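Asks:
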Amino acid sequence: GEDVEQSLFLSVREGDSSVINCTYTDSSSTYLYWYKQEPGAGLQLLTYIFSNMDMKQDQRLTVLLNKKDKHLSLRIADTQTGDSAIYFCAEEGGSYIPTFGRGTSLIVHP
Amino acid sequence: NAGVTQTPKFQVLKTGQSMTLQCAQDMNHEYMSWYRQDPGMGLRLIHYSVGAGITDQGEVPNGYNVSRSTTEDFPLRLLSAAPSQTSVYFCASRHPVDPDEQYFGPGTRLTVT
């Protein structure tokens, strides 16, 4: 079955880079997503990568995909206190409905 | 456009009561879905729909019903509320082809006593 795993917590200092990791099991995934959830809010799509790509950069965000190892990462450069949130990894195959990981709480301290 | 709206924001029910969580979108998205979010569990899919008149079960459908009579609306019905249904419920919609076009509602926080 499908399963998406990610670590639960990450703590970084303001100005450092953050790297959030994710592994998935469905080799037929078409898209892999990163979402951000701020306290008391719904999820917001941050970025995504198509399964035939290995890297995507979008301003401070870099997504790396290792399809052989089914490993996805999100790097946030120059992390700010406003980046403190829960980050969800998700994979999507032919059903167009994502399967989510449990979320990584990113804590940014001064 | 307003995106995805959900009502109510908060609700307290007694065990055995029924209620409907409302979800609406004004983007003409064919795909809509309902998730529940519990601490440490991520988002789990309850039901989803790929168009008006078409619904299907997700990972945790028991105790919930849905219908999709219009493209805009996708209500979630709790038939007989149980304390295990205490959770935050999110509705989402997406364009069937463009992965950038996906949005979540602000959520409904439900407590069942």
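In order, the protein sequences belong to chains Z and W. What the first sequence shows, in my numbering, is residues 1 to 110, in sequence order. What the second sequence shows, in my numbering, is residues 1001 to 1113, in sequence order. Backbone N, C-alpha and C define an ideal beta-carbon position, used for all residues, glycine too. In this text the structure is predicted, and so the values were computed from the model without any measurement.
(1) Indicate the three-state DSSP secondary structure (helix, strand or coil) for D3 of chain Z in the structure shown.
(2) Just to confirm my understanding: we take M53 of chain Z, look at its own chain, exclude 5 residues before and 5 after, and list those with CB closer than 6 Å. What are they?
(3) Let me know the beta strand (DSSP E) ranges lying completely inside the stretch 1017-1078 of chain W, each 3 residues or longer, listed in chain order.
(4) Alpha carbon to alpha carbon, what distance is there between T1071 of chain W and S1087 of chain W?
(5) With burial defined as no fewer than 16 other Cβ atoms inside 10 Å of the residue's Cβ, what is the status of P110 of chain Z: buried or exposed?
(6) Determine the contact status of Y48 of chain Z and D1100 of chain W, defining contact as a CB-CB distance below 9 Å.
(7) I'd like to know whether the C-beta of T99 of chain Z is nearer than 9 Å to at least one C-beta of chain W.
(8) At a cut of 8 Å, does the stretch 12-22 of chain Z reach the stretch 36-44 of chain Z through at least three beta carbon pairs?
(9) For D1098 of chain W, name the three-state secondary structure that DSSP assigns.
(10) Name the residue from W:G1040, W:F1010, W:G1107 and W:T1113 whose alpha carbon lies nearest to the alpha carbon of S1080 of chain W.
(11) So, with DSSP's three-state summary, where would you put T1015 of chain W?
Replies: Let me spell this out:
(1) Working through the first sequence from its first residue, we reach residue 3 of chain Z at position 3. Coil.
(2) Position 53 of the first sequence, counting from 1, holds the residue named residue 53 of chain Z. Once the five neighbours on either side are set aside, M53 of chain Z has no close Cβ partner at all.
(3) Every unbroken stretch of the beta strand (DSSP E) spanning 3 or more residues and falling wholly within the stretch 1017-1078 of chain W is given here in chain order: 1019-1025, 1031-1038, 1042-1051, 1054-1057, 1064-1066 and 1076-1078.
(4) Taking the first residue of the second sequence as 1, we reach residue 1087 of chain W at position 87. Taking the first residue of the second sequence as 1, we reach residue 1071 of chain W at position 71. Approximately 26 Å between the Cα atoms of the pair.
(5) What you label residue 110 of chain Z is simply residue 110 of the first sequence in a count that begins at 1. Classification for P110 of chain Z: exposed.
(6) Here residue 48 of chain Z corresponds to residue number 48 of the first sequence, with the count starting at 1. Here residue 1100 of chain W corresponds to residue number 100 of the second sequence, with the count starting at 1. Yes, the Cβ-Cβ distance between Y48 of chain Z and D1100 of chain W is below 9 Å.
(7) Residue numbering aside, residue 99 of chain Z sits at position 99 when the first sequence is read from its first letter. By this cut-off, T99 of chain Z is an interface position.
(8) Result no; under three Cβ-Cβ pairs closer than 8 Å.
(9) Taking the first residue of the second sequence as 1, we reach residue 1098 of chain W at position 98. Coil.
(10) Counted from its first residue, the second sequence places residue 1080 of chain W at position 80. Closest option to S1080 of chain W, Cα to Cα, is W:T1113.
(11) The residue you call residue 1015 of chain W lines up with position 15 of the second sequence. T1015 of chain W: coil per DSSP, three-state reduction.
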